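Each number in my numbering comes from the position in the sequence shown (counting from 1) with 37 added on. Report on one structure; see the data block that follows.
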Amino acid sequence: MPSTHDWINCPLGVVEGMFAASQNNPKSGWEAKVVEFFKNQLKEKDAHTWVPSLNDVPLHYLKPNSLVKFRCFIQDMFDPEFFMGVYETVDPSTKAKVLRCGKYKDVTECGCSLILLHSYASSSQARVVPSTSYAPTRQKRSYEEDDDDMDTQPQKQREPHTGPQSPTEHHGNGDCKRQETEAPSNQTASASHLDLNFPLPGEKGPSCLVKVYEDWESFKLNDLLEVYGILSVNPALSALADEKDTSSSIQDPIECMETAEEQRVHSPPASLVPRLHMLYARPLPHNNPLLPCTTVEDNSAFLSSSLSEMASVRAELLAYFTHILLGDALAAEYLILHLISNVYTRRDVLPLGKFTLNLSGCPTVASYTERFYQIIQQLVPSSYYLGMSLQNMNQMRLVPKKDYVANRLVSGALQLARNTSLFLDETQLEQGQLDTTGVRNVTALGNLISWQKVDYDFNYHQMEFPCNINVLIASEGRSLLPSDCQIHLQSQVTAPQLEEYLSSIHMHPQASSQLNKFRIYLCMARQLDYNISDEMTKSVEEDFVDMRKDDPQSVSAEDLHRMLVVARLLSLSLGQTSLSRDSWLRAKHIDMLRRSRMEQHKCVNGNEP
């Protein structure tokens with residue numbers, strides 16, 4: 038059996054060994070055995086920590102053709118491509134013929150003549166230091182050096198474009214096919230001059246073309262994955278792309294159908310956008326590096342230890358948010374509930390569990406909303422601040438759009454990973470006219486909030502993509518956008534003291550250990566299962582009837598739905614996975630306090646729009 042050094046540093050050796058062993062038994066199913074081998078190796082205790090991460094380690098420190106992992110977000114899916122699964126070589130001196138495997142490679146590498154076989158071909162956390170056995174040189178090969186490889190390049194055939202995918206392999210009629218996935222992450226990269234098509238303006242991080250061979254239909258746009266695959270940074274890829282641009286006469290007729298723009302987008306330099314040939318991928322239930330990659334229910338030891346501390350951590354977080362929210366403890370309660378909200382299911386078109394919060398009454402001085410967002414940003418794994426200025430609304434691209442010339446999905450700011458905290462700063466809004474783009478962007482935000490979906494623009498039609506985004510709207514008055522709950526900020530700080538108070542917020546940073554406790558708590562509470570017993574369901578129904586006895590207009594069905602959402606989130610925030618009588622009474626109480634405050638605010642300021 039290969040050693041750890043072999044299967045991590047030389048995974049192609051494992052693949053080729055299993056391929057060679059299969060030649061005596063063509064029905065051995067060697068491809069499935071390869072995938073199973075690496076899955077089993079990675080299931081060993083702490084084995085996944087031995088694999089270097091493309092997110093953490095600079096690309097030039099990673100050994101080509103080694104096993105690496107990559108935490109990513111599927112941003113686009115490109116068309117399937119054909120590759121040479123099996124080819125035959127002949128030694129010029131001995132005339133010996135040998136079958137070779139072309140899987141998990143971008144180019145064939147051999148010193149022999151190549152014979153096309155028509156019957157096969159066309160029908161972490163881990164951080165590493167530079168290896169002592171691999172010098173991280175960034176040498177580029179010349180075209181002359183690549184000439185020897187020209188006759189041994191894999192033959193490709195294009196199919197309709199889909200977006201960022203992983204190489205997929207289909208076995209039918211002797212054809213081998215794989216699919217590419219474009220998967221950016223959130224780390225630093227050196228490709229500033231290259232259009233990596235990141236969703237968020239100013240985003241920086243490594244981007245990768247992931248080639249998927251098995252079960253590629255199971256991967257969907259916007260999925261979060263941790264991919265384990267063979268790293269390919271062969272300079273011949275860049276040379277081939279350059280030759281396509283300068284010498285169209287030698288192109289394959291199928292490839293000539295590609296536009297120059299499409300070739301540029303789909304064949305970026307491998308030194309900046311590496312290729313990753315997927316061996317195994319697992320979906321990520323979250324992207325918090327402080328928690329296990331599995332769901333919390335699958336890790337009983339971690340779950341039990343965390344649940345025992347949730348009530349005390351919640352009390353500390355409540356005090357911290359009360360300070361940030363100018364002494365308003367009720368607003369701090371609702372902020373916690375908002376941050377742990379999650380769409381846990383959908384009933385027809387209605388997403389259940391969402392809790393968009395409109396925090397009105399936010400000060401417009403001392404950049405309060407920006408400071409407030411920076412606090413949120415420190416506590417959640419992924420977030421985005423969108424200042425709703427007239428210029429941003431009229432000029433930003435929020436909705437992804439299909440570019441048929443480049444055959445790619447041009448990303449937009451609302452193409453976000455699951456459970457991203459989207460902070461909408463409506464205090465930036467000024468007087469003026471929304472143009473067609475602005476109206477479309479505001480409509481998209483409204484649909485995101487109400488239905489947890491974004492309609493991607495495919496020119497001739499729109500395609501609906503469900504999402505799960507936590508939206509917080511900071512505003513002066515009532516937001517122009519819909520929300521599930523509005524609470525007006527009631528500052529305990531007088532106006533003359535406000536500037537000094539706000540400037541002191543960052544002067545008392547929480548210790549990193551304390552912040553980590555908050556980060557784990559928020560993610561844990563969001564992942565817990567929840568249920569309501571038949572007994573509590575009956576009790577809630579009786580309470581609803583009693584509340585409507587004296588004044589049927591005082592509590593509507595919508596109010597009941599909101600209180601049930603609040604009760605669910607309140608229970609989870611305390612580490613309780615079922616609704617208790619105390620949590621239900623507490624939910625009714627804080628909702629009553631919130632509604633009373635809103636009525637008082639209306640009386641003082643008149644009816645707000």
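No residue lacks a Cβ here, since even glycine has one placed at the ideal position from N, Cα and C. Keep in mind the model is a prediction, meaning the values are calculated, not measured.
Secondary structure at residue i, three-state DSSP: helix, strand or coil?
i: Tyr493; result: strand
i: Ser229; result: Low confidence applies to Ser229: its pLDDT is 46, below 50, so where it sits in the model is not reliable enough to give any reading.
i: Tyr250; result: coil
i: Ser130; result: coil
i: His525; result: strand
i: Glu424; result: Residue 424 is actually Gly in this sequence, not Glu. If DSSP states are grouped into helix, strand and coil, Gly424 belongs with the strands.
i: Met561; result: helix
i: Ser576; result: helix
i: Gly733; result: There is simply no residue 733 to check, as the chain begins at 38 and stops at 646 in what is shown.
i: His498; result: coil
i: Arg632; result: helix
i: Tyr317; result: strand
i: Glu537; result: helix
i: Glu467; result: coil
i: Gln194; result: The pLDDT assigned to Gln194 is 32, lower than 50, so where the model puts this residue is not dependable; a value taken from the coordinates is nonetheless given after this. The answer is coil: DSSP assigns Gln194 none of H, G, I, E or B.
i: Pro503; result: strand
i: Arg312; result: strand
i: Arg623; result: helix
i: Arg384; result: strand
i: Leu362; result: coil
i: Lys106; result: strand
i: Glu353; result: helix
For residue i, which residues from the same chain have a beta carbon less than 6 Å from its beta carbon, with the 5 sequence-adjacent residues on both sides left out?
i: Asn336; result: Pro329
i: Tyr410; result: Tyr422 and Phe460
i: Ser349; result: none
i: Lys438; result: Val447 and Asp494
i: Thr205; result: Interpretation of Thr205 is limited by its pLDDT of 35, a score under 50 that renders its predicted location unreliable; the figure taken from the coordinates is listed afterwards. For Thr205, where only same-chain residues beyond five positions count, the Cβ hits under 6 Å are Arg215, Gln216, Val249, Tyr250 and Trp253.
i: Leu427; result: Glu467 and Gly469
i: Ala624; result: Met600, Val603, Ala604 and Leu607
i: Val508; result: Thr393, Leu459 and Ile486
i: Thr382; result: Leu389
i: Pro418; result: Asn324 and Asn325
i: Asn395; result: Ile510, Ser516, Ser520 and Gln523
i: Gly475; result: Met430 and Asn431
For residue i, collect the residues of the same chain with a Cβ closer than 7 Å to its Cβ; drop the 5 residues on either side in sequence, then sort them by chain order.
i: Pro388; result: Val380, Trp488 and Gln489
i: Leu354; result: Ile373, Phe555 and Tyr558
i: Ile45; result: Trp87, Val88, Ser103 and Leu104
i: Val479; result: Met430 and Leu471
i: Gln78; result: Trp44 and Ala84
i: Leu539; result: Ala403, Tyr405 and Arg408
i: Phe502; result: Leu258, Asn259, Lys490, Val491 and Tyr493
With C-beta atoms as the reference, is residue i less than 7 Å away from residue j?
i: Ala450; j: Leu609; result: no
i: Val264; j: Ala297; result: no
i: Phe120; j: Ala454; result: no
i: Ala11; j: Asp462; result: The chain is shown only over 38 to 646; residue 11 falls outside these bounds and no answer can be derived.
i: Leu397; j: Gly514; result: A small fix is needed here, since residue 397 is Ser in this sequence, not Leu. A contact, by the Cβ cut-off of 7 Å.
i: Cys138; j: Glu219; result: no
i: Leu104; j: Val123; result: no
i: Asn647; j: Glu299; result: Residue 647 is absent from the model: the chain starts at 38 and stops at 646.
i: Cys504; j: Asn325; result: no
i: Thr145; j: Val135; result: no
i: Met55; j: Lys70; result: yes
For residue i, I'd like the list of residues in its chain whose CB is within less than 8 Å of its CB, leaving aside the five on either flank, ordered along the chain.
i: Gln529; result: Leu363, Gly364 and Asp365
i: Leu367; result: Ile524, Gln527, Ile627, Leu630, Arg631 and Arg634
i: Asp481; result: The residue you asked about is not Asp; residue 481 is Ala in the sequence shown. The answer, listed in chain order, is Leu435, Val436, Leu451, Val491 and Asp492.
i: Gln499; result: Asp492 and Tyr493
i: Gln551; result: Glu353
i: Ile413; result: Leu376, Ser420, Ser458, Phe460 and Leu509
i: Arg618; result: Met573 and Ser576
List the DSSP bridge partners of residue i.
i: Arg556; result: DSSP output for Arg556 lists no bridge partner at all.
i: Ile510; result: Asn395 and Leu461
i: Tyr98; result: None, per the DSSP bridge assignment.
i: Asn568; result: Ser615
i: Lys438; result: Val447 and Asp494
i: Gln216; result: Pro117 and Val249
Subject >> Inter-stretch contact at 8 Å, needing at least 3 Cβ pairs: the segment 74-90 / the segment 242-260 >> reply: no
Original post:
Are the segment 113-128 and the segment 458-468 in contact at 8 Å, needing three or more beta carbon pairs?
Top reply: no
Original post:
Below 8 Å, can you find three or more Cβ-Cβ pairs linking the segment 255-269 to the segment 304-313?
Top reply: yes
**OP:** Spell out a yes or no on whether the segment 624-637 and the segment 519-527 are touching, meaning 3 or more CB-CB pairs, one atom from each, closer than 8 Å.
**Re:** yes
**OP:** Take every Cβ of the segment 574-584, pair it with every Cβ of the segment 592-609, and state whether three or more of those distances are shorter than 8 Å.
**Re:** yes
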